[in-house]
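Asker:
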Amino acid sequence: MSIAKKIQDFLAARGLYVQLKPPHELRRRRALLRHHGIEMVLDVGANVGQYGGELRQLGYTGTIHSFEPTAAAFAALQAVAAGDPQWQVHQLALGAAAGVGEINVSQNSYSSSLRDLLPEHLEGAPDSVYVAKETIQLSTVDEQFAALRLAGKKTYLKIDTQGYEREVLKGAQQSLGDVRAIQLEISLVPLYDQGLGLEECMALLTERGFRLVGLEPGFYHSDTGEQLQVDGIFVR
Numbered sequence: 001m002s003i004a005k006k007i008q009d010f011l012a013a014r015g016l017y018v019q020l021k022p023p024h025e026l027r028r029r030r031a032l033l034r035h036h037g038i039e040m041v042l043d044v045g046a047n048v049g050q051y052g053g054e055l056r057q058l059g060y061t062g063t064i065h066s067f068e069p070t071a072a073a074f075a076a077l078q079a080v081a082a083g084d085p086q087w088q089v090h091q092l093a094l095g096a097a098a099g100v101g102e103i104n105v106s107q108n109s110y111s112s113s114l115r116d117l118l119p120e121h122l123e124g125a126p127d128s129v130y131v132a133k134e135t136i137q138l139s140t141v142d143e144q145f146a147a148l149r150l151a152g153k154k155t156y157l158k159i160d161t162q163g164y165e166r167e168v169l170k171g172a173q174q175s176l177g178d179v180r181a182i183q184l185e186i187s188l189v190p191l192y193d194q195g196l197g198l199e200e201c202m203a204l205l206t207e208r209g210f211r212l213v214g215l216e217p218g219f220y221h222s223d224t225g226e227q228l229q230v231d232g233i234f235v236r
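Here the UniProt record's numbering is used: the first residue of the sequence shown is 1, the next is one more, and so on.
Okay, here's the thing in structure tokens:
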């Protein structure tokens, strides 16, 4: 069974559907990975493996480390990555410091967050409503770089943590020197309490020597069609 089929089956069993990125966006991402000689992808906020599946779909054969804290999504992620020795999975959230936290689990699974939802999010995506809470373990990018001996590897850091992106970057200060590219979720309107907005994101990454080279559409308001989130791709 293909990776894409495993992912879609998990979501379909819960009445959900997520379309993998269209071919032209995957081709652009493949070009970025090759041009920057990426050896390692850190998939922070992996959910059930959608991003890792896209990487394999576009022909990336290097190492992937996927991080997902919630129990059901992590179990699905394990199943998706099983049999791929270059795809390692970790039941952790990454943030500014190691410790224990409480995450809000959303009905649609992929909107689960350590942050509170704002009304605009629920209005645009009603299935993102929180239905449970889970106690989870937190680590940092820096801590994982040391634990997994990743120093010196050209790294692509993908962050999809539903409003927690700023905290992930705070926990990556020592390892950013090895990061060649960052892909992270950016809200165009406030969607999560204390979430990272477009202007702050641009300033934060520009200060660290990164420049914006691409945008991938995220989710949009189900009624108005207005874009609510995008993925920004930054390189240096």
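Virtual Cβ for every residue (Gly too), placed ideally from N, Cα, C.
#1: For a quick check, are the C-beta atoms of ALA181 and LEU138 less than 8 Å apart?
#2: What's the call for SER222, buried or exposed, on a 16-neighbour Cβ count within 10 Å?
#3: Just to confirm before moving on: does the CB-CB distance between residue 238 and GLY163 stay below 8 Å?
#4: If you compare alpha carbons, which of GLY177, TYR60, LEU205 is closest to GLU185?
#5: Check the C-beta distance from PHE219 over to ALA125 and give it rounded, since I have them as a contact under 8 Å.
#6: Between the region 30–44 and the region 136–150, can you find at least three pairs of beta-carbon atoms closer than 8 Å?
#7: Taking the straight line between their C-alpha atoms, what separation do you get for ALA46 and HIS36?
#8: Out of curiosity, what's the CA-to-CA distance linking ASP142 and SER187?
#9: With distance defined between alpha-carbon atoms, name the residue in LYS154, GLN183, VAL100 nearest to GLU165.
#10: Could you pull the DSSP bridge partners for MET40 from this structure?
#11: For ARG29, does the count of other Cβ atoms within 10 angstroms reach 16, so buried, or fall short, so exposed?
#12: How is residue 239 classed by DSSP in three states: helix, strand or coil?
#13: Give me whichever residues DSSP pairs with ASN104 in a beta bridge.
Answerer: Well, looking at it:
#1: no
#2: exposed
#3: With the chain covering only 1 through 236, there is no way to say anything about residue 238.
#4: LEU205
#5: 6 Å
#6: Three or more Cβ pairs drawn from the region 136–150 and the region 30–44 lie within less than 8 Å of each other, which places the two stretches in contact.
#7: 22 Å
#8: 25 Å
#9: For the options LYS154, GLN183, VAL100, the alpha carbon positioned closest to that of GLU165 is the one of GLN183.
#10: Paired residue(s): THR63, THR155.
#11: buried
#12: A query on residue 239 cannot be resolved here, the shown segment of the chain reaching from 1 to 236 and no further.
#13: SER113, LYS133
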